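Undergrad: Residue numbers (UniProt numbering): 1 to 308.
Just so it is clear, CB atoms sit at the ideal spot from N, CA and C, and this is done for glycine as well.
Since the model is a prediction, treat every value here as computed from it, not as a measurement.
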Amino acid sequence: MFDKSEIVIIDERLYHLGIKKGDLAQNIFIVGDPARAIRVSKEFDTVDREISNREYLTFTGTYKGIPVSVIGTGIGTDNVEIALVEAFIEHEFNFESKTRNTNCEPMTLIRLGTSGGVQSDIAPGSQAIGSYALGLDNTGIYFEEPSNDPVIERIEESAKKILNKSIPSSSRFKGKLIPYASKASIEVTNALENQALKNGVEYEVGITSSSPGFYGPSSRYIEGLKNTFPDIKGSLSKINIDGLRVLNMEMESSLFFHLCSQMGYRAGTICTVISGPTTSAAVIDYDKAIGNTIRVGLKAMKELYESS
């Protein structure tokens, strides 16, 4: 057993995010696209710090009197894992002794993303609020966290059965997909839903599916490549847990919910649906679509801050 946490710090900065102790606020927005981090930061009243290191871009300032940060992580659960763990270290650890401080207040994190639609009745341009996430990645399995929720177990069982059934019998991967599920914080989900409703933004609440890639894991056809799943979105659309459906596909929320749960942090996701299940190559105007996502997310963070 190690007696100290294995934390990599160079010149008083965490190795990947490039942040020093005190560079992050307790209220954090997570975005995949670093350009979106810039756009979110422009909604802040003040920007006190801007840190760019590797593919990570971080801004910290204030919004409506609330201390806030936004981190552009790049794409994928692997990038989010690094960002979340280093945010956790910044918030709760002494950089010199590499020991964890006690009685730290939990952070609140909201992911502002884009996604592809899974259900034919959810129009591109609407918002998908993830109350649960389905992980088709494998990053989450490296962090042991009990489900503590029968819905998580039912999502996992249903997804495993439906998705593996859709793999052709001739495939070497038949029966080998073992998805995991995770849950968003109820408070964050409720705040996102409340602000979407207040601001007249079209939305649905349900399961967000997280993929480990953009092309094959979404069954996108590319000449010369053969997909394991003929139509993974069609298969995902069949998952229904007492009315709880898979709404959309993106690439981060499964690990985001899973790891934040282990850390004891509040976390939730809102994503613009930028394409339909049968029109994945036809993406709507990104800039216009993401505006509602950012607006609802900012207002939800303010609501959470003021109610805590």
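Closest by CA to residue 124, which one among 166, 266, 247, 268?
TA: Within the sequence shown, the letter at position 124 stands for residue 124. Nearest option by C-alpha distance: 247.
Undergrad: Starting from residue 305 and walking both ways along the alpha helix (DSSP H), at which residues does that stretch end?
TA: Position 305 of the sequence shown, counting from 1, holds the residue named residue 305. Element bounds for residue 305: 286-307.
Undergrad: Ignore the nearest five residues each way along the sequence and tell me which others in residue 139's own chain have a CB closer than 7 Å to its CB.
TA: If you number the sequence shown from 1, residue 139 lands on position 139. Excluding residues within five positions, the ones whose Cβ falls inside 7 Å are 77, 78, 81, 255.
Undergrad: Could you tell me which whole beta strand (DSSP E) segments of length 3 or greater appear in the region 146-187?
TA: Counting only runs of 3 or more, we get 180-183.
Undergrad: So who's on the other strand from residue 240, going by DSSP bridges?
TA: Residue numbering aside, residue 240 sits at position 240 when the sequence shown is read from its first letter. DSSP, once it has assigned bridges, lists 245 as partnering residue 240.
Undergrad: Under three-state DSSP, which class holds residue 119?
TA: Translated into the one-based positions of the sequence shown, residue 119 becomes position 119. Reduced to three states, the DSSP call for residue 119 is coil.
Undergrad: With residue 208 as the anchor, note down where its beta strand (DSSP E) starts and where it stops.
TA: Here residue 208 is taken as the residue at index 208 of the sequence shown, counted from 1. 203-210 is the span of the beta strand (DSSP E), which, as asked, contains residue 208.
Undergrad: Could you tell me which of 46, 299, 107 sits nearest to residue 201, measuring between CA atoms?
TA: Against the sequence shown, residue 201 aligns to sequence position 201. Among 46, 299, 107, the Cα nearest to that of residue 201 is on 299.
Undergrad: Confirm, please, whether the CB-CB distance from residue 72 to residue 38 is below 9 Å.
TA: Taking the first residue of the sequence shown as position 1, residue 38 is located at position 38. Taking the first residue of the sequence shown as position 1, residue 72 is located at position 72. Yes, Cβ-Cβ distance for residue 38 and residue 72 is below 9 Å.
Undergrad: Which residue comes first and which comes last in the beta strand (DSSP E) that contains residue 34?
TA: Counted from its first residue, the sequence shown places residue 34 at position 34. Where residue 34 is concerned, there is no enclosing beta strand (DSSP E), although the alpha helix (DSSP H) it sits in stretches over 34-41.
Undergrad: In three-state terms, what does DSSP make of residue 67?
TA: Within the sequence shown, numbered from 1, the residue matching residue 67 stands at position 67. In the structure shown, residue 67 sits in a strand (DSSP, three-state: E or B).
Undergrad: Pull up the DSSP beta-bridge partners for residue 113, would you.
TA: To locate residue 113, count along the sequence shown from 1; it is residue 113. Answer by DSSP bridge pairing, in chain order: 271.
Undergrad: Taking the alpha-carbon positions, what's the residue 60 to residue 177 distance?
TA: As a working mapping, residue 60 is identified with position 60 in the sequence shown. As a working mapping, residue 177 is identified with position 177 in the sequence shown. Their Cα atoms are separated by approximately 39 Å.
Undergrad: By DSSP, does residue 99 sit in helix, in strand, or in coil?
TA: For the purposes of this step, residue 99 is taken as residue 99 along the sequence shown, with counting starting at 1. Three-state result, residue 99: coil.
Undergrad: Going by Cα to Cα distance, which pick from 301, 242, 120 is closest to residue 372?
TA: In the structure as shown, the chain begins at 1 and stops at 308. Residue 372 is therefore absent and cannot be evaluated.
Undergrad: Look at the alpha carbon of residue 129 and the alpha carbon of residue 206, and state the distance between them as a whole number of angstroms.
TA: As a position in the sequence shown, residue 129 is number 129, starting the count at 1. As a position in the sequence shown, residue 206 is number 206, starting the count at 1. Whole-angstrom Cα-Cα distance: 6 Å.
Undergrad: Along the chain, where does the alpha helix (DSSP H) that runs through residue 262 open and close?
TA: Your numbering for residue 262 matches position 262 in the sequence shown. From DSSP, the alpha helix (DSSP H) with residue 262 extends over 253-263.
Undergrad: Since residue 13 sits in a beta bridge, which residues does DSSP pair it with?
TA: Residue numbering aside, residue 13 sits at position 13 when the sequence shown is read from its first letter. Residue 13 pairs with 10.
Undergrad: Any idea what DSSP makes of residue 227, helix, strand or coil?
TA: Within the sequence shown, residue 227 is the residue found at index 227, counting from 1. In this structure, residue 227 counts as coil in the three-state DSSP scheme.
Undergrad: Would you list the one or two residues that DSSP bridges to residue 27?
TA: Taking the first residue of the sequence shown as 1, we reach residue 27 at position 27. Bridge partners of residue 27: 68, 108.
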